[in-house]
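Engineer: In my numbering, the protein residues as written are 5 to 433.
Just so you know, even glycine gets a beta-carbon here, dropped at the ideal spot from N, CA and C.
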Ligand SMILES: NC(=O)c1ccc[n+]([C@@H]2O[C@H](COP(=O)([O-])OP(=O)(O)OC[C@H]3O[C@@H](n4cnc5c(N)ncnc54)[C@H](O)[C@@H]3O)[C@@H](O)[C@H]2O)c1
Ligand SMILES: [Zn+2]
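Shown next, in the form of structure tokens:
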């Protein structure tokens, strides 16, 4: 399975997931679902773009008939930062206490709600809980309140993960908080809500699904890690039989729906399959972990200069998460091929059923990925979002800081390896 091995191999893996409600119309039942928790005051967390669709307000309005007072906070920053989260937490502390939270939106809204939940139930400040070495990496001491996550993008899988991702602005680094208690209590996945997701967001967030599935499928196998003691276990434990199942199925669903969902957002079968794929991939990577494309995404997003993607807020330069992950993925999987050729070939076959196998099998998956990215109108490599040769060493430095993710890579990764991956990702086709 892997070129890595352990002196004292791990024999245990773990699996966690939230309660789940899936289907068109599922978001009409949130008032009832909340009433089961016996809550009285609920904060609905969203961003201005999602608020404009009317969904968060509609979700809030259902609660009155169950005697629940609901308020909408629509100040989520698209791709949260330490500053935006601190601000959201301050406002929630001020207007609280809250008995429960409902996040309506993409990963940005869901992650903001996770941070609000953590810091309105636990003492201290954001930095106390952010992963080492950026923050103090403390674990919450108090239980969190119920959090219902209602995704409106088909991407992050944040509704089923234990992670809250943010940009730390003064360090120009993306990092996060990772703890089992951050996992939402209930994920309500209603494909109807994704009908208004713009094509550019569908394309970028869909690449996030794809990379979650591919990275967890090709992650180092859990038994190649050194055995952990119970108190050392982390949510990401490496590829394992259960995460494989979710990842493979997510890739098959993407094969049949991704191009269609980008080209015709009204195709509800495609929207539904994308929503299913996002959740499945979240169940996979949320337990197995991700590696090089996600590690590289952090500096690509953090060091952006002047790129303004279609269909995203225009006030700030940004490389959206899914896009930043995708841009080095073809080269990353060319690099990891030798760790598990059979998995890379199988993934290419799941993503492009019936495609001809090239003579050099290491080209198969990169070719399938590049063709897809071209078809859904993603930028043609990192040069197209503003990076040049002179930026490579800083990009490599940024990726090397993501050791938590690189530890999941099926091969040892050096600075030179990452430099080569960035260099060859300047232009993909
Ligand atoms: N916690 C996790 O497990 C995890 C995993 C991956 C990524 N992330 C994080 O999630 C964030 C990205 O989230 P995302 O890709 O879901 O997008 P997003 O939440 O950033 O939203 C992107 C844009 O789409 C708009 N939008 C969302 N849904 C819409 C809809 N139905 N109709 C119209 N407009 C809509 C939003 O207003 C926003 O402008 C990043 O910060 C990323 O780092 C978190
Ligand atoms: Zn991601």
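Tell me the DSSP secondary structure of residue 73 in three-state form.
Structural biologist: Three-state result, residue 73: strand.
Engineer: Taking a cut-off of 6 Å, which residues have a beta-carbon closer than that to any heavy atom of ligand 2, in chain order?
Structural biologist: Qualifying residues, in the order they occur: 160, 212, 216, 298, 325, 329.
Engineer: Taking 8 Å as the cut-off, does the segment 160–179 touch the segment 18–25 (at least 3 CB pairs, one atom from each stretch)?
Structural biologist: The segment 18–25 is in contact with the segment 160–179.
Engineer: With H, G and I counted as helix, E and B as strand and the rest as coil, what does DSSP make of residue 67?
Structural biologist: Reduced to three states, the DSSP call for residue 67 is coil.
Engineer: Taking the beta strand (DSSP E) that residue 171 falls in, what are its first and last residues?
Structural biologist: Segment 167–172, the beta strand (DSSP E) holding residue 171.
Engineer: Using 8 Å as the threshold, is the C-beta distance between residue 188 and residue 279 below it?
Structural biologist: Against a cut-off of 8 Å, the Cβ pair of residue 279 and residue 188 comes out as no contact.
Engineer: In whole angstroms, what separates the C-alpha of residue 81 from that of residue 393?
Structural biologist: Cα to Cα, residue 81 sits roughly 31 Å from residue 393.
Engineer: Looking at C-beta atoms only, is the number of pairs between the segment 212–222 and the segment 53–72 that lie closer than 8 Å three or more?
Structural biologist: With the cut-off at 8 Å, the segment 212–222 and the segment 53–72 do not touch.
Engineer: May I have the straight-line CA-CA distance separating residue 399 from residue 102, to the nearest angstrom?
Structural biologist: Whole-angstrom Cα-Cα distance: 41 Å.
Engineer: Taking only the alpha-carbon atoms, compute the straight-line gap between residue 201 and residue 383 and give it to the nearest angstrom.
Structural biologist: Approximately 19 Å, taken between the alpha carbons.
Engineer: With H, G and I counted as helix, E and B as strand and the rest as coil, what does DSSP make of residue 344?
Structural biologist: The answer is coil: DSSP assigns residue 344 none of H, G, I, E or B.
Engineer: Can you tell me whether residue 250 is buried or exposed, with buried defined as 16 or more other CB within 10 angstroms of its CB?
Structural biologist: The residue is buried, with at least 16 neighbouring Cβ atoms inside 10 Å.
Engineer: Which term fits residue 173, buried or exposed, when burial requires 16 or more other beta carbons within 10 angstroms of its beta carbon?
Structural biologist: Exposed: under 16 other Cβ atoms inside 10 Å.
Engineer: Check whether the Cβ of residue 200 lies closer than 7 Å to any heavy atom of ligand 1, and answer yes or no.
Structural biologist: The answer is yes for residue 200.
Engineer: Do residue 327 and residue 308 have their C-beta atoms within less than 8 Å of each other?
Structural biologist: For residue 327 and residue 308, no; Cβs fall outside 8 Å.
Engineer: Please confirm whether any heavy atom of ligand 1 lies closer than 7 Å to the CB of residue 191.
Structural biologist: No, the Cβ of residue 191 stays beyond 7 Å of every heavy atom of ligand 1.
Engineer: Per the DSSP calculation, residue 35 is bridged to which residue(s)?
Structural biologist: Answer by DSSP bridge pairing: none, since residue 35 is not bridged.
Engineer: Residues in its own chain within less than 8 Å of residue 175 by CB, not counting five upstream and five downstream?
Structural biologist: Excluding positions up to five away in sequence, the list reads 138.
Engineer: Please give me, in chain order, every unbroken run of the alpha helix (DSSP H) with length at least 4 that falls completely inside the segment 306–334.
Structural biologist: Entirely contained in the segment 306–334, the alpha helix (DSSP H) runs reaching 4 residues are, in chain order, 325–330.
Engineer: At the level of alpha carbons, what is the spacing between residue 430 and residue 319?
Structural biologist: Approximately 26 Å between the Cα atoms of the pair.
Engineer: Cβ of residue 78 versus every heavy atom of ligand 1: is any distance shorter than 7 Å?
Structural biologist: No.
Engineer: Determine the DSSP secondary structure at residue 408, reduced to helix, strand or coil.
Structural biologist: Helix.
Engineer: With three or more C-beta pairs closer than 8 Å as the rule, is the segment 257–274 touching the segment 288–304?
Structural biologist: These segments do not touch.
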